[in-house]
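Chemist: Everything in the sequence shown is counted per the UniProt record's numbering, starting at 1 for the first residue and increasing by one.
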Amino acid sequence: MAALPHPDGIVQTAVTCAVITVSDTRSPATDKSGALMQSLLTSAGHQVAHYQLVSDEPTQINNLLQDLAAHPDIQAILLNGGTGIAPRDITYDVVAALLEKELPGFGEIFRQLSYAEIGSRAIASRAVAGVYARTLIFSLPGSSKAVDLAMNALILPELVHLTNLLQT
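(1) From the DSSP output, read off the bridge partner residues of Gln52.
(2) Is DSSP giving Ala86 helix, strand or coil here?
(3) For my contact list, Thr83 and Pro141 are in at a C-beta cut-off of 8 Å; report their separation, rounded to the angstrom.
(4) State yes or no: is the C-beta of Glu100 within less than 8 Å of the C-beta of Val128?
(5) From the DSSP output, in three-state form, read off Thr91 for me.
(6) Quick test of the definition: if touching needs 3 or more C-beta pairs under 8 Å, does the region 136-152 touch the region 67-84?
(7) Compute the Euclidean distance between the alpha carbons of Ala133 and Ala69, then round it to the nearest angstrom.
(8) With DSSP run on the structure shown, which of helix, strand or coil describes Ser143?
(9) Which residues in the same chain as Gly34 place their Cβ atom closer than 6 Å to its Cβ, once the five residues preceding and following it in sequence are excluded?
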């Protein structure tokens, strides 16, 4: 889905992003969801300035998010992995605690769209999005199908608009 035109006529620009995969088991060679995020972003004309795998450790995730948000060129940080309810799934908890403004509609709509595809298993998703230090943060499940759904249905159509709102 393409980005919707902005009612104020703001011209679409490339957004500079960071992609983070949260996993104790993936490597760059096996990180299909991280690769998909990067591919979809660049295909839509955006830039991926940083990519990193990080283990399911709260301090590592928190420090990385703070470092990336402090980088003047990073406008959006997209994470995948760790949003479920398994004992090691702590990405949601770290991201939610950091956010200054949450975008509750993101998680709500993502779960609704997921329900249409996977049924009641969608209730286990704790996908979340919001703003920290004038930087957009999207945290998605680690499955490639979930990444594809969120990126194409929600993130890519609104990424430019949301980043423009943070610049005003």
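From the three backbone atoms N, C-alpha and C, an ideal C-beta is built for every residue, glycine too. Everything numeric in this text was worked out from a predicted model, so none of it was measured.
Modeler: Looking at the coordinates:
(1) Ile20
(2) coil
(3) 5 Å
(4) no
(5) helix
(6) yes
(7) 6 Å
(8) coil
(9) Val19, Thr21
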